[in-house]
Amino acid sequence: MLKDHILIDRIIKNALAEDLGPGDLTTDAIIGQDIIGRAVLEAREDIILAGLPVFMRVFSILDPLVTFETFYNDGERVPAGKIVCAIKGGMAVILKAERTALNLIQRMSGIATITSHYVEKAGSDRVKILDTRKTAPGLRLLDKYAVPIGGGHNHRFGLYDAILIKDNHIAVAGGIRKAIEAARTKAPDGIKIEVEVEDINGLNEAIEARADIILLDNMPPEQLKKAVKLVAGRALLEASGGITIENIKEIAATGVDMISVGALTHSVRAVDLGLEISSL
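Structure follows, in structure tokens:
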């Protein structure tokens with residue numbers, strides 16, 4: 119996913135422009151352009167690392183001559199107090215890039231870390247833990263990259279790569295069956311039809327209309343178990359709504375195929391990573 123360098127550079131440049139504007143008044147007034155410095159990126163809590171290439175790219179965009187020594191890679195657990203990487207380059211560049219670089223890697227590592235907690239708590243290799251479209255505007259590519267790093271899976275990236283018929287679509291279309299039939303007539307080849315249902319009646323209608331995937335919205339565990347038994351493998355089942363770290367194990371045990379968790383990205387806590395800077 120991070121092979122799309124053009125999109126990643128666009129995200130980084132937008133973030134830098136937002137922070138730097140026409141220039142860093144403080145650094146430009148105090149730090150000479152010829153001063154070379156060193157900095158180390160330190161984990162201040164236990165984390166799953168995600169976004170190190172993005173972090174380094176922030177500095178490289180400002181100055182391609184900045185060099186790095188890395189001690190961990192994305193996907194690895196980094197204990198508190200460990201150095202993730204060392205940076206050497208112009209002190210002014212390091213200071214100008216610091217906040218943007220930290221903002222991105224702290225968020226991405228936060229997503230990977232919380233995802234790993236959900237996956238571990240679910241306690242099942244059979245159930246996929248999915249993200250959602252509840253990502254930070256402009257950062258979806260990075261948010262979606264971080265989820266698999268933490269052991270989760272990506273749901274659709276946007277409205278353009280999957281069909282998911284939700285309650286408002288159903289209301290306008292005039293019912294679940296009508297919505298599914300309309301979607302199927304226009305769906306591109308290879309695109310599966312997913313539909314959201316809120317109760318067993320809706321589930322039966324979705325089964326009869328031959329939905330490929332059925333999203334079970336805010337159903338309690340006992341109702342999820344009943345849904346799994348009713349579907350009997352005729353469609354994939356996704357549990358969604360009200361999923362927390364406290365109840366995900368119980369949800370996973372119901373037999374659903376997937377669990378989507380908005381909390382992986384919509385309210386993630388940035389992990390504590392710090393940049394310690396020194397002159398050479």
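Letter by letter, the sequence shown follows residues 119 to 398 of the numbering used here. Just so it is clear, CB atoms sit at the ideal spot from N, CA and C, and this is done for glycine as well. This structure is a prediction, so every number in the text was calculated from the model and none was measured.
Can you give the Cα-Cα distance for residue i and residue j, rounded to whole angstroms?
i      : j      : result
Val176 : Ser227 : 16 Å
Val290 : Asp330 : 21 Å
Gly380 : Gly359 : 8 Å
Arg76  : His273 : The shown model of the chain, from 119 to 398, leaves out residue 76, and the question about it has no answer.
Gly351 : His384 : 31 Å
Gly276 : Gln151 : 43 Å
Ser397 : Val158 : 12 Å
Phe186 : Ala204 : 6 Å
Ile294 : Leu333 : 12 Å
Ile377 : Leu138 : 40 Å
Ala147 : Gly141 : 10 Å
Leu125 : Ala168 : 17 Å
Pro339 : Leu321 : 15 Å
Ile298 : Arg156 : 58 Å
Ala325 : Ala370 : Inspection of the sequence shows that residue 325 is occupied by Ile rather than by Ala. Going from the Cα of Ile325 to the Cα of Ala370 covers about 21 Å.
His271 : Glu194 : 17 Å
Leu257 : Gln224 : 13 Å
Ile149 : Leu180 : 16 Å
His123 : Thr233 : 25 Å
Leu259 : Pro182 : 23 Å
Asn336 : Val245 : 17 Å
Ala280 : Thr303 : 14 Å
Lys284 : Gly292 : 12 Å
Ala388 : Gly199 : 17 Å
Gln341 : Ile366 : 15 Å
Arg251 : Val313 : 16 Å
Val196 : Ile247 : 22 Å
Val349 : Val386 : 34 Å
Asp317 : Ala215 : 50 Å
Gly308 : Leu220 : 39 Å
Which residues bound the alpha helix (DSSP H) around residue i?
i      : result
Ile212 : Met209 to Ala240
Gly268 : No alpha helix (DSSP H) holds Gly268; DSSP gives it neither H nor E.
Val349 : Pro339 to Val349
Arg156 : Per DSSP, Arg156 belongs to no alpha helix (DSSP H); it is in the beta strand (DSSP E), Ile154 to Ala161.
Leu143 : Leu143 to Ile148
Leu257 : Element bounds for Leu257: n/a, residue is neither H nor E.
Ile283 : Looking at the DSSP string, Ile283 is not in any alpha helix (DSSP H); the run it does join, the beta strand (DSSP E), is Ile281 to Ile283.
Ile129 : His123 to Leu138
Ile325 : Ile318 to Glu326
In its own chain, which residues sit with a C-beta less than 7 Å from the C-beta of residue i, not counting the 5 before and 5 after it?
i      : result
Val346 : Leu355, Thr372, Gly373 and Val374
Asp390 : Arg162 and Glu163
Ile363 : His235, Tyr236 and Lys239
Gly392 : Glu160 and Arg162
Glu394 : Ala157, Val158 and Glu160
Lys343 : Thr372 and Gly373
Ala301 : Ile281, Ile283 and Ile311
Ile361 : Ile369, Ile377 and Val379
With residue i as the anchor, note down where its beta strand (DSSP E) starts and where it stops.
i      : result
Asp335 : Ile331 to Asp335
Lys246 : Lys246 to Leu248
Ala301 : Looking at the DSSP string, Ala301 is not in any beta strand (DSSP E); the run it does join, the alpha helix (DSSP H), is Ile294 to Lys304.
Ala357 : Leu354 to Ser358
Val315 : Ile311 to Val315
Leu391 : Leu391 to Ser397
Ile361 : No beta strand (DSSP E) contains Ile361, which DSSP labels as neither H nor E.
Ser378 : Met376 to Ser378
To which residues of the same chain is residue i closer than 6 Å at the C-beta, ignoring the five residues directly before and after it?
i      : result
Ala133 : Thr218
Leu170 : Asp192
Leu213 : Thr145
His287 : Ala297
Ile201 : Val158, Glu160 and Phe189
Leu230 : The question names Leu, but residue 230 is Ala in the sequence shown. Here the set comprises Ile166, Ala168, Ala264, Ile267 and Gly268.
Excluding the 5 residues flanking residue i on each side, which residues of the same chain have their C-beta closer than 8 Å to its C-beta?
i      : result
Thr253 : Asp261, Lys262, Thr383 and His384
Ile130 : Val172, Arg175, Val176, Ile179, Thr218 and Leu222
Is there a C-beta anywhere in chain C that falls below 8 Å from the one on residue i?
i      : result
Pro339 : No chain C is part of this structure, which consists of one protein chain only.
Going by the C-beta, is residue i closer than 7 Å to any heavy atom of the ligand MN?
i      : result
Lys206 : As presented, the structure is devoid of all ligands, the ligand MN included, so that no description of it is given.
Say whether the stretch 236–243 touches the stretch 207–215, bearing in mind that this needs 3 or more beta-carbon pairs closer than 8 Å, one atom from each stretch.
no
What residue ranges within the stretch 173–206 form continuous beta strand (DSSP E) runs of no fewer than 3 residues, ordered along the chain?
185–188
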